[in-house]
Amino acid sequence: AKVGVFVNTPYEELMKTVEEYRLDMVQLHGDESAFFCDKVANYVTVIKAFRLSENDPLDWITRPYHDSCDMFMFDTMGAGYGGTGKKFDWNVLRQTSLDKLFFLSGGIEPGDEEKLKAFENDEAGKKLFSVDINSRFEITAGVKDMEKVAEFVKNLRSNN
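For the record, in the sequence shown the residue sitting at position 51 is 74 according to our numbering, with numbers rising by one throughout.
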C-alpha cells in the first residue's frame with residue numbers, strides 16, 4: 024500500500040497529493056480535527072496519529088475520531104511532530120476500551136520482537152495492525168537497512 028504522511032496539511036493540498044501519487048492511505052500526524060479526518064476518509068484510508076504522554080486519557084482523546092478514522096497510531100509525545108525515538112509505554116493501551124485497529128509506534132527498535140509478540144497476545148494487543156519502526160533500522164536518515172528490517176520481521180514471525 025502507498026501511504027502518505029502529512030502534518031497539518033490543508034485539505035486541498037492533501038487531496039491533490041493523494042490523487043497525484045495514487046495513495047491508498049494517509050497518516051495524519053498533526054492537529055487535524057475529526058471533521059477534517061472524516062472529509063479525507065471519504066476518499067482514502069485514514070490513520071490518525073496521537074502523540075501521548077503516560078497519563079493522557081486515551082479513550083477521551085480518541086473518542087471524537089472513532090467514526091472518522093479507519094485506524095489509529097500511537098506514539099510518544101515530543102516537542103514536535105513525528106518520531107522522537109522515545110519508547111511509548113504500551114501499558115497505556117491496557118487501560119483503555121479501544122476497539123479500533125491501530126499502529127504501534129514510539130521507539131520500536133531491533134530487540135523488541137519478543138516484547139511485541141507478548142503484547143500482541145495480550146488483550147490490549149488484539150487490535151494491533153502494524154508497527155512503525157524507528158531510526159535504529161536506518162543506514163542514513165530516512166533510508167532503512169533492509170537486512171535489519173528483514174531480520175526483525177523474521178524474528179517477529181518466529182514461534183520461539
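We put the CB at the ideal spot given by N, CA and C, even for glycine. All values derive from a computational prediction rather than experimental measurement.
{"query": "Reference F59, options F29, R74, E43, V166, closest by Cα", "result": "F29"}
{"query": "Nearest-angstrom Cα separation, counted from D90 out to W83", "result": "14 Å"}
{"query": "Three-state secondary structure assigned by DSSP to V115", "result": "helix"}
{"query": "First and last residue of the uninterrupted beta strand (DSSP E) at R180", "result": "Looking at the DSSP string, R180 is not in any beta strand (DSSP E); the run it does join, the alpha helix (DSSP H), is 169-180."}
{"query": "Outcome for A102 when other beta-carbon atoms lying within 10 angstroms are tallied against a minimum of 16", "result": "Model confidence at A102 stands at a pLDDT of 49, short of 50, so the residue's coordinates are unreliable and nothing is read from them."}
{"query": "Candidates T40, M38, K149: closest to F126 by CA position", "result": "K149"}
{"query": "When V26, E170, E143, P80 are compared against V68, the one with the closest alpha-carbon", "result": "According to the sequence provided, residue 68 is Thr. The question's Val does not apply to it. Considering only alpha carbons, the answer is V26."}
{"query": "Euclidean distance between Cα positions of N65 and N114", "result": "33 Å"}
{"query": "For A147 and L116, the rounded distance between their alpha carbons", "result": "6 Å"}
{"query": "Helix, strand or coil at S27 [DSSP, three-state]", "result": "Here residue 27 turns out to be Gly, not Ser, going by the sequence shown. In the structure shown, G27 sits in a strand (DSSP, three-state: E or B)."}
{"query": "Three-state secondary structure (DSSP) of A102", "result": "Residue placement at A102 is flagged as unreliable, the pLDDT there being 49, under the threshold of 50; the coordinate-derived value follows with that caveat. A102 falls in the coil class under three-state DSSP."}
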